[in-house]
Amino acid sequence: MGQYQSVLERLKSLEGLKGALIVSDKGEILESLPVSLDQLEGLVRLVSESRKSAESLGKELGKENAGQSYIEYDGLNITFDALSPKELLVIIAIPGANLGRIRYEIKQTKKLFLQVSG
Numbered sequence: 468m469g470q471y472q473s474v475l476e477r478l479k480s481l482e483g484l485k486g487a488l489i490v491s492d493k494g495e496i497l498e499s500l501p502v503s504l505d506q507l508e509g510l511v512r513l514v515s516e517s518r519k520s521a522e523s524l525g526k527e528l529g530k531e532n533a534g535q536s537y538i539e540y541d542g543l544n545i546t547f548d549a550l551s552p553k554e555l556l557v558i559i560a561i562p563g564a565n566l567g568r569i570r571y572e573i574k575q576t577k578k579l580f581l582q583v584s585g
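If you're matching positions, the sequence shown starts at 468 in the numbering used here and goes up one per residue.
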């Protein structure tokens, strides 16, 4: 079991979860729960580029540290949150998944991540 697997294990009970990943700032998958998605590499690139765009926008607005982002597609929802300057937690869920519950669990998972990586 990898260093961050215990962090991801906490998310398994989320209703509507299709997968969860911890991705590096270089777009590498550091840890993951099983993800049933054909275009996983493309998703990781999308998340990595979206993070860079959010950070650029933040600089333009005079804000630091982009937090959580959410992208909704037909049939797929992606939520990602910076765990640290170098790692992102990516949640992949089906439409209709409880966004409030997902956001709550991400907040709790972030605390656990900081303990594990600390």
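Here a beta-carbon is modelled for each residue, glycine too, at the ideal position from N, C-alpha and C.
- DSSP places Leu579 in the helix class (H, G or I) of the three-state scheme.
- Below 8 Å, too few C-beta pairs join the stretch 511-521 and the stretch 564-578 to call them touching: fewer than three.
- Distance from the CA of Ile538 to the CA of Gln472, rounded to the nearest whole angstrom, comes to 24 Å.
- Under the DSSP assignment, Gly486 falls in the beta strand (DSSP E) whose first and last residues are Leu484 to Ser491.
- Taking 7 Å as the cut-off, the beta carbon of Ala564 is found no closer than this to the beta carbon of Gly494.
- The C-alpha of Ile573 is placed about 12 Å away from the C-alpha of Lys479.
- Sixteen is the threshold: when 16 or more other Cβ atoms of the shown chains lie within 10 Å of the Cβ of Leu550, as they do, the residue is buried.
- For the 7 Å CB-CB criterion, Val557 and Leu488 form a contact.
- Scanning Ile496, Arg568, Glu476 and Ser491 for the CA closest to the CA of Lys519 turns up Ser491.
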